[in-house]
Amino acid sequence: MTDFSKNRWRSPVIRLPKTTFGAFMLLFWAWWGLLIVFRAFPGIDIYFSQLFFLETGCDATAAAGSICGGFPYRDSGNFDLLRTIFFRLPYVVAIVMLWKLIECYQQHGATFNADRARKLKVALGTLLIGPVLLVNVVLKEHWGRPRPVQTDIFGGALHFVEAGSLAGKCVSNCSFVSGEAASAGWLFCLLLFVPKSLRYALVPPIVAVSILTPALRLSFGAHYLSDVTLGWLSSLVVFAALLALTESQQHQKNSEI
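Residue 271 in our numbering sits at position 234 of the sequence shown, and the numbers go up by one each step.
So this is what it looks like as C-alpha cells:
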C-alpha cells in the first residue's frame, strides 16, 4: 500500500536566511541573476518600454524607416511634479537623519544611544555608497547604455544595447542603472528601522514612493525595466552588506569585553 503520510508528502519549505550576511548573499546573487536574465532576454526591456510608447506618424522631414512618437507620461505636468518630489525626498530624509546622528554624538556616557547611531550610520552610508557613488558616479557614467528615448526603437538616434553592455554610445548620465530607483530602494531599506508605533503611518507611504518612483522612470522612457529593477535592488545589496559588517564588528567588540 502506498504511504500517504504527511511527512512524505510535505510541501517544500522556502527557508529565508537567518543572518544578515545570509540576506546580503541572497540579495547579491539575486542582483547578478537578474542581470543575466535581462541580458539574455533583452526583449523584456523592449516590451515593457513599448507599453508606454505612443507611436505617431512622421512628418515629411523624417528619414525613411524612422520611428516617430514619444512617451506621453513624460509630458504630463502632474507626473513631472510627482517625479520631482520623489527625486528630492530621499535627500530630505537623509538631511534629517544626519541631524539626528549629530544629536546622537552630542550625548555622552549612559545617554549615548549606540544602537541608534549605528543604524543611522548604516542608512547614510548606504545612500552615499549605493545611489550616489556606485550608481551615479560609476555605473551611469561609464556603462554607456542609452535611455529608451535615446534609442532608434523609440525615435532616438542611438542603437539599443542590453543591460550591462559596455557597447552603448551614451556619453554621460546614461541609463544603466537608474539613480532614482536606487534612491527609492534606499527608502525601502529604512522600513527596517521604523518603530512599531509609527508603522501604520509610515510604512504605506514609504512603500508607495519606493514603487512609484521606478515606475515613473519606466513610463517616462527614461529607463528600461532592467535599469529600475537593478538600480532599486542595488541599494538593498549595499544596505545588507553594511548592516552585516557593522553587526560583525559589534559582535567582535562584545566578545572582547
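Glycine residues also receive a C-beta, built at the ideal position from the N, C-alpha and C atoms.
Of the listed residues the options, nearest to residue i (C-alpha basis)
| i | options | result |
| --- | --- | --- |
| L224 | G106, N150 and A160 | A160 |
| F257 | L229, L88 and C95 | L88 |
| K158 | W136, L170, T148 and V198 | W136 |
| F90 | L227, A278 and D189 | D189 |
| R155 | V169, G167 and I139 | I139 |
| L64 | S285, L282, A277 and A281 | A277 |
| A101 | G146, A147, G192 and L170 | G192 |
| G167 | S285, G181, L273 and I243 | L273 |
| W66 | V275, T283, L239 and S285 | V275 |
| A77 | G201, P127 and G107 | G201 |
| F108 | L171, Q187, I73 and G181 | Q187 |
Length of the line joining the Cα atoms of residue i and residue j
| i | j | result |
| --- | --- | --- |
| R254 | A60 | 27 angstroms |
| A245 | I122 | 13 angstroms |
| T98 | C105 | 11 angstroms |
| W82 | A151 | Residue 82 is actually Asp in this sequence, not Trp. Their backbone Cα atoms lie some 44 angstroms apart in a straight line. |
| T250 | G222 | 9 angstroms |
| R47 | R111 | With a pLDDT of 49 at R47, under the threshold of 50, the modelled position of that residue is not reliable, and the figure given next carries that caveat. Cα to Cα, R47 sits roughly 50 angstroms from R111. |
| L270 | C141 | 29 angstroms |
| K233 | L195 | 49 angstroms |
| N115 | E178 | 29 angstroms |
| P79 | E199 | 6 angstroms |
| S113 | R120 | 11 angstroms |
| P185 | S86 | 7 angstroms |
| L282 | L165 | 16 angstroms |
| Q144 | L228 | 25 angstroms |
Bridge-paired residues (DSSP) for residue i
| i | result |
| --- | --- |
| F170 | Just to set this straight, residue 170 is Leu in the shown sequence, not Phe. DSSP, once it has assigned bridges, lists no residue as partnering L170. |
| T188 | L195 |
Segment contact flag, the segment 209 to 229 with the segment 262 to 273, C-beta cutoff 8 angstroms, min 3 pairs = In the pairwise beta carbon analysis, the segment 209 to 229 is classified as touching the segment 262 to 273: at least three pairs are separated by under 8 angstroms.
Which ranges does the alpha helix (DSSP H) cover as unbroken runs of at least 4 residues, wholly within the segment 54 to 130, from first to last along the chain?
-> DSSP runs (the alpha helix (DSSP H)) wholly in the segment 54 to 130: 57 to 77 and 80 to 87.
Taking one C-beta from the segment 130 to 144 and one from the segment 199 to 213 each time, how about it: are there three or more such pairs within less than 8 angstroms?
-> Flag = no, the segment 130 to 144 and the segment 199 to 213 do not touch.
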